[in-house]
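Below is one structure, written out as C-alpha cells; the observations come after it.
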Amino acid sequence: MLVSSKELLLDAQKHGYAVGAFNTNNLEITHAIIRAAEAKKAPILIQISAGAIRYAGLDFLPMIARQAAMKASVPVAIHLDHGPSFELVMKALRVGFTSVMRDASKLPFEQNVAEVVKVVEAAHAVGVPVEAEIGKIGGAEEHVVVSEREALMTDPDEAAKFVEASGCDFLAVAIGNAHGFYKGEPKLDFDRLAAIREKVPVPLVLHGASGIPDEQIRKAVERGICKINIDTEIRYAFATTVRAFMAENPKQIDPRKILGPAIEAMQAVVERKIELFGSAGRA
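Quick note on numbering: the sequence shown equals residues 5 to 287 in our numbering.
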C-alpha cells in the first residue's frame with residue numbers, strides 16, 4: 005500500500021528500529037525491493053534520485069514505483085532522494101511522491117534553512133513530509149584528514165537549531181558515513197550521533213550505508229537512526245550477477261533470462277538489510 009514516510013519513520017523512532025530506503029533506477033530493481041519487503045513483511049521506502057529521473061524519465065519511473073507500491077501488501081513510501089532544487093521537488097509532488105528530500109546541505113546554514121522552509125511550506129500543504137540534511141556526506145573516495153573530517157560532520161547544536169528553524173520532518177546527519185563503496189572500514193561517530201539524538205526530536209537518517217559493517221549499523225539504530233539508505237550494494241548485486249550470467253551464457257539475448265537472476269540477487273541484498281535494520285515483521 006502507498007503511504008507517507010512520516011508514519012513509517014515515527015513508528016520506527018518509537019519502537020527502536022530503522023526503515024530501509026532503497027534506490028531504484030528501473031523496473032527490475034523496483035521488483036526486487038517490493039518482493040523483499042513482502043517476503044520480510046517490512047515497511048520500506050523506494051527512493052528515486054535526480055539521476056534516476058534523468059535516466060528513466062519523470063513520467064515513467066515514479067509511475068512504476070507508485071503502481072508497485074499500491075499493489076504491495078506492505079506499506080511503501082515513494083521518496084525523492086537528494087532533491088537538488090525546489091523545482092524538482094515540486095515536480096515530484098505533482099507526480100505523486102509521498103516523501104521528498106530537499107538537499108541544500110552544501111549551502112551555508114541560513115541558506116540551507118531557507119531552501120528547506122520553501123519546500124516544507126509546499127509539501128506540508130499536500131500532506132507530504134520533508135527530509136533535509138545538515139553536515140556534508142561526501143563520497144567514499146574523498147581523502148580528508150581527521151580535522152577536516154570533523155569539520156564536515158553534523159554539529160548537534162546546529163542540528164537542533166536547523167530542525168526548529170526549517171520545520172523538516174526528518175534529518176540526514178553526517179557522522180562519518182559516505183556515499184559509494186568505502187576505502188577501508190568506515191568509523192561512525194556514535195558519541196556525536198547520541199548527542200544529536202538527545203537534541204533533535206525528529207527521526208534521523210543515515211545516508212551512504214552500503215558497506216558499513218553490520219555491527220556499526222546495529223549501533224546506529226540503537227542510538228536513534230530511523231531511516232537507512234542503500235543504493236551501491238544493490239547496484240553491485242545487479243552488475244555482478246548480470247556479468248556472471250553473460251559469461252556463462254554468451255549467446256543468450258532474452259533480457260528476461262538475463263535480468264531475472266539479477267532481480268533475485270538484489271532481492272537477497274534488500275532482505276538481508278531489512279533483517280539487519282530490525283524492520284522485518286513491522287508491516
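Glycine is no exception: its CB is placed at the ideal position from the N, C-alpha and C atoms.
Using C-beta distances below 8 angstroms, list every residue in its chain close to Ala284, excluding the 5 sequence neighbours before and after it, in chain order. Lys44, Lys45, Ala46 and Ile278
Under the three-state DSSP convention, the category Asn116 falls into: helix
In DSSP terms, what Gly87 is bridged to: Arg106
Using DSSP bridges, identify the partner residues of Ala163. Note: Ala163 sits in no beta bridge, so no partner.
Is DSSP giving Phe249 helix, strand or coil here? helix
Check whether the Cβ atoms of Ile82 and Ile50 sit closer than 8 angstroms, and answer yes or no. yes
Candidates Pro79, Asn30, Val93 and Ala36, of which the one nearest Gly61 by Cα: Asn30
Supposed contact pair Arg106 and Glu119 - C-beta distance, whole angstroms, cut 8 angstroms: 6 angstroms
Given that a residue counts as buried once 16 or more other Cβ atoms are within 10 Å of its Cβ, and exposed if not, what is Phe64? exposed
Should Val130 go down as buried or exposed, given a rule of 16 or more other Cβ atoms within 10 Å for buried? exposed
If we ignore side chains and look at the alpha-carbon of each, how far apart do Tyr21 and Gln256 end up? 43 angstroms
Are there 16 or more other CB atoms within 10 angstroms of the CB of Val273, so buried, or fewer, so exposed? buried
What's the call for Pro355, buried or exposed, on a 16-neighbour Cβ count within 10 Å? Since the displayed the chain opens at 5 and closes at 287, residue 355 lies outside it and no answer follows.
Rounded to whole angstroms, what's the CA-CA distance from Asp15 to Pro205? Just pull it up for me. 14 angstroms
Look up Ala178 in the DSSP assignment and say whether it is helix, strand or coil. coil
Distance, Asn27 Cα to Ala224 Cα: 20 angstroms
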